[in-house]
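> Residue numbers (our numbering): -15 to 694. Built from N, CA and C at the ideal position, the CB exists for glycine as well. Being a predicted model, the structure only gives us computed values, none of them experimental. The structure under discussion is supplied below as structure tokens; questions concerning it will follow.
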């Protein structure tokens, strides 16, 4: 009896162990936060969870865990020249609203010129799962399709099941595994010490090259670049140049011509992933047309110091641009006003003019920062697209002209200018300051050599860069004034003011009045001739009232403030009932001849047909644009080539605000006009032209775009 009891006990114990072994595995699977492994000859796959139960949150952290056999690989979300990434379907799941995967930074695989990106050995794709009902159990059923490759590629499909009960979200042993791979998912680069400086396409050589510049702290060791977007690009492994002890890297990847989008890479939106060992960065970028160049040297990797030099040169050259010519009268008058005065007084006057320029550029910088932060289009000179700004400028020009004609004077407090009296007094520091500020405002309708590069650099970056670049532009424009302040003896040798000075003031006032008439024509193009004519009549009436005031006896004269109030009437039409300015998005062309309306989407189709496309972005308020038309585009050999078969001339009118044109300019890293580009079979990305056009430059670009010159 005892013997049978012992045998029975042994059998019962053995049976219990068998039952425990049979059920224990399933219990571990259900309670340990992991599914059973789905095993294939090349890779094992399972689902893991960071918590053993659903807890009280709306989301859960899961992971798709791949354990790959030696020398086998799977693919990243953007696999490259071959392959496809893992895909999950959740059919049959309960209490699962959606599951969003994250992708750790990949590694590169190169084989016989085929470039792919993916993972080897082991990887976990972190999954953020959103529950349909908070606190209720999760029944996750996933079907995973993936491609696993070595010398050959084998498509695989596995089914996974993971159940999480209701209850406290206690961490599982897999939480650390998920966290480890989640840390490898690229962020914006701040935590990894990485920063994108520039992304640009370079067509200076036989191949199209996408150049990406990255700065790093701590230094880079083995950086790599992965590019997504702009269609199915075929991109070679980057050639990496490291500078500054590893703190700057220039990564240049050749792009296969037959994989380029129809419009080329310039202006294309791409996603860039930079991986460097265990850290990575992901950044969205709009590809600029060419790397920043100064004197034939790419300065993209040189960063802010090089751009400050570019900005200084751009501000200096701005003094010679046609946009600044309307205020040449004020400059001449300011120079003459110093004649015969003491060196200290001359120096103070020129320094005040320089201060007016620099302060105005800082105001423009602040406005650009505010507009950009608000998500609106930002650019150089776009204030001339606003009718209210034009009316105010017309009023200011009329004010300056009337003052030069001696129709009124304003005596500000002495602390405003230190010496002299009267707004128009030649030796008024306040007057010199306003002259510098006004010169800056009238300089903004156009760009100049170097200026466009500096503005594009600033407006594509943060507030610090914007302020520094704009301040340096102001210093560049103010350099002539500062040089005169350093050599005051030159101005003091000019003839002393006399009767000739009166006639000079009258002539200078006429030039300012002519500029006001030009701005009224721009206003007419924006809001119609009736409002512009009304504004002009009111301004003329205000000036006439000031003239009449000088002719009346003292007791009948209006006070100066009344004259200024009369000028303010020019603003009234903007607020009159029924005012509705026609500020649409029209980019049509009013000129006759070969020019047709700008159509960005049609450029690629025209190039595909073997045609050359010339794009001219212009505006009525851009003086340099009108000079380019009169001197180059609308005459001579250039006009004949633009009208010839096989050449398409497109003109975009930016007189009014237009997001399409602003986006087109931003794609080239430009934020101001004039802007011209030529496309063709030999230049599908477009060849940007200099701000000041020449016949030789335009014809050379047309020839190169047409494939006649490489």
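(1) Which residue from 384, 260, 529 and 103 puts its Cα closest to that of residue 61?
(2) Out of 131, 421 and 202, which one is the CA nearest neighbour of residue 335?
(3) Please report the residue range of the alpha helix (DSSP H) in which residue 610 lies.
(4) Determine whether the beta carbon atoms of residue 688 and residue 671 lie at a separation below 9 Å.
(5) So, do the segment 143 to 160 and the segment 224 to 244 have three or more beta carbon pairs nearer to each other than 8 Å?
(6) Measuring CB atoms only, is the segment 169 to 182 touching the segment 53 to 67, in the sense that at least three cross pairs come out at less than 8 Å?
(7) For residue 389, count neighbouring Cβ atoms within 10 angstroms of its own Cβ and tell me buried if that reaches 16, exposed if not.
(8) Alpha carbon to alpha carbon, what distance is there between residue 649 and residue 609?
(9) To which residues of the same chain is residue 257 closer than 6 Å at the C-beta, ignoring the five residues directly before and after it?
(10) Ignore the nearest five residues each way along the sequence and tell me which others in residue 156's own chain have a CB closer than 7 Å to its CB.
(11) Work out the CA separation of residue 419 and residue 492 for me, nearest whole Å.
(12) Mark residue 219 as exposed unless 16 or more other C-beta atoms lie within 10 angstroms of its C-beta, in which case mark it buried.
(13) Got a sec? Which residues, its chain only, sit under 6 Å from residue 129 by beta carbon, not counting five neighbours each side?
(14) Compute the distance between the beta-carbons of residue 337 and residue 523, then report whether it is under 9 Å.
(15) Could you work out which residue in 79, 118 and 64 is closest to residue 97 when comparing CA atoms only?
(16) Between which two residues does the beta strand (DSSP E) containing residue 211 stretch?
(17) Would you mind reading off the limits of the alpha helix (DSSP H) that contains residue 695?
(18) According to DSSP, simplified to helix, strand and coil, what is residue 269?
(19) Just the C-alpha distance for residue 684 and residue 183, rounded to the nearest angstrom, thanks.
(20) Alpha carbon to alpha carbon, how far is residue 682 from residue 626?
(21) Quick one, which of 91, 40 and 180 has its alpha-carbon nearest residue 115's?
(22) Span of the beta strand (DSSP E) holding residue 103?
(23) Could you check whether residue 86 and residue 112 sit closer than 9 Å to each other, using their CB atoms as the reference points?
(24) Counting C-beta neighbours from all protein chains within 10 Å, is the total for residue 105 16 or more, i.e. buried, or is it exposed?
(25) So residue 109 and residue 47 are supposed to be a Cβ contact under 8 Å. How far apart are they, rounded?
(26) Since I believe residue 296 is in contact with residue 460 (beta carbons under 8 Å), could you give me their beta-carbon distance rounded to a whole number of angstroms?
(27) Between 19, 290 and 585, which lies nearest to residue 456 when the distance is taken from Cα to Cα?
(28) Have a look at residue 329 and residue 416 and give me their C-alpha separation to the nearest angstrom.
(29) What span of residues does the alpha helix (DSSP H) with residue 657 cover, start to end?
(30) With a cut-off of 8 Å on the beta carbons, I'd call residue 125 and residue 79 a contact; round off their distance for me.
(31) Could you spell out where the alpha helix (DSSP H) holding residue 534 opens and where it closes?
(32) CB-CB under 6 Å to residue 23, same chain, minus the five flanking residues each way: which ones, in chain order?
Looking at the coordinates:
(1) Working through the chain shown from its first residue, we reach residue 61 at position 77. Per the C-alpha coordinates, the member of 384, 260, 529 and 103 positioned closest to residue 61 is 103.
(2) To locate residue 335, count along the chain shown from 1; it is residue 351. A check of alpha carbon separations from residue 335 across 131, 421 and 202 identifies 421 as the nearest.
(3) Position 626 of the chain shown, counting from 1, holds the residue named residue 610. For residue 610, the enclosing alpha helix (DSSP H) stretches over residues 607 to 612.
(4) Within the chain shown, residue 688 is the residue found at index 704, counting from 1. Within the chain shown, residue 671 is the residue found at index 687, counting from 1. Judged by beta-carbon spacing, residue 671 lies within the 9 Å limit of residue 688, meaning their Cβ atoms are closer than that value.
(5) When Cβ pairs closer than 8 Å are counted between the two stretches, the segment 143 to 160 is seen not to touch the segment 224 to 244, the count staying below three.
(6) With a cut-off of 8 Å, the segment 53 to 67 and the segment 169 to 182 do not count as touching, because too few Cβ pairs lie within range.
(7) Within the chain shown, residue 389 is the residue found at index 405, counting from 1. So residue 389 ends up on the buried side.
(8) Translated into the one-based positions of the chain shown, residue 609 becomes position 625. Translated into the one-based positions of the chain shown, residue 649 becomes position 665. Taking the straight line from one Cα to the other gives about 15 Å.
(9) Numbered from 1 along the chain shown, position 273 holds the residue referred to as residue 257. Closer than 6 Å at Cβ, skipping near neighbours: 170, 210 and 266.
(10) As a working mapping, residue 156 is identified with position 172 in the chain shown. The beta carbon of residue 156 is closer than 7 Å to those of 16, 17, 33, 34, 35 and 36 in its chain, skipping five residues each way along the sequence.
(11) Locating residue 492 in the chain shown gives position 508, where the first residue counts as 1. Locating residue 419 in the chain shown gives position 435, where the first residue counts as 1. Rounded to the nearest angstrom, the two C-alpha atoms are 13 Å apart.
(12) For the purposes of this step, residue 219 is identified with residue 235 of the chain shown, where counting begins at 1. Burial of residue 219 is indicated by the presence of at least 16 other C-beta atoms within 10 angstroms of its C-beta.
(13) What you label residue 129 is simply residue 145 of the chain shown in a count that begins at 1. 71 and 141.
(14) For this step, residue 337 is matched to residue 353 along the chain shown. For this step, residue 523 is matched to residue 539 along the chain shown. Inclusion of residue 337 and residue 523 in the CB contact set at 9 Å is not warranted, their separation being larger than that value.
(15) The residue given as residue 97 occupies position 113 in the chain shown. Nearest option by C-alpha distance: 64.
(16) Within the chain shown, numbered from 1, the residue matching residue 211 stands at position 227. Unbroken beta strand (DSSP E) run through residue 211: 207 to 213.
(17) Only positions -15 to 694 of the chain appear in this structure, which leaves residue 695 out of reach.
(18) Residue numbering aside, residue 269 sits at position 285 when the chain shown is read from its first letter. The three-state reading of DSSP puts residue 269 in strand, counting E and B together.
(19) As a position in the chain shown, residue 684 is number 700, starting the count at 1. As a position in the chain shown, residue 183 is number 199, starting the count at 1. Near 26 Å, if we compare the C-alpha coordinates of residue 183 and residue 684.
(20) For this step, residue 682 is matched to residue 698 along the chain shown. For this step, residue 626 is matched to residue 642 along the chain shown. A direct Cα-to-Cα measurement between residue 682 and residue 626 gives close to 10 Å.
(21) The sequence position of residue 115 within the chain shown is 131, counting from 1. Of the listed residues, the one whose Cα sits closest to residue 115 is 40.
(22) In the chain shown, counting from the first residue as 1, residue 103 sits at position 119. Where residue 103 is concerned, the enclosing beta strand (DSSP E) stretches over 98 to 104.
(23) Residue 112 sits at position 128 when you count from the first residue of the chain shown. Residue 86 sits at position 102 when you count from the first residue of the chain shown. A contact, by the Cβ cut-off of 9 Å.
(24) What you label residue 105 is simply residue 121 of the chain shown in a count that begins at 1. Residue environment analysis places residue 105 among the exposed positions, since fewer than 16 neighbouring C-beta atoms fall within 10 angstroms of its C-beta.
(25) Along the chain shown, read from residue 1 onward, the residue named residue 109 stands at position 125. Along the chain shown, read from residue 1 onward, the residue named residue 47 stands at position 63. Contact between residue 109 and residue 47 holds, since their C-beta atoms are separated by about 7 Å, short of 8 Å.
(26) Here residue 460 corresponds to residue number 476 of the chain shown, with the count starting at 1. Here residue 296 corresponds to residue number 312 of the chain shown, with the count starting at 1. About 4 Å separates the two Cβ atoms, so the contact holds.
(27) For the purposes of this step, residue 456 is taken as residue 472 along the chain shown, with counting starting at 1. Residue 290 is the option with its Cα nearest to residue 456.
(28) Here residue 329 is taken as the residue at index 345 of the chain shown, counted from 1. Here residue 416 is taken as the residue at index 432 of the chain shown, counted from 1. Residue 329 and residue 416 have their alpha carbons spaced roughly 12 Å apart.
(29) Here residue 657 refers to the residue found at position 673 when the chain shown is read from its first residue. No alpha helix (DSSP H) holds residue 657; DSSP gives it neither H nor E.
(30) The residue you call residue 125 lines up with position 141 of the chain shown. The residue you call residue 79 lines up with position 95 of the chain shown. Residue 125 to residue 79, Cβ: 11 Å. No contact.
(31) Within the chain shown, residue 534 is the residue found at index 550, counting from 1. 513 to 535 is the extent of the alpha helix (DSSP H) around residue 534.
(32) By 1-based counting over the chain shown, the position of residue 23 is 39. Excluding positions up to five away in sequence, the list is empty.
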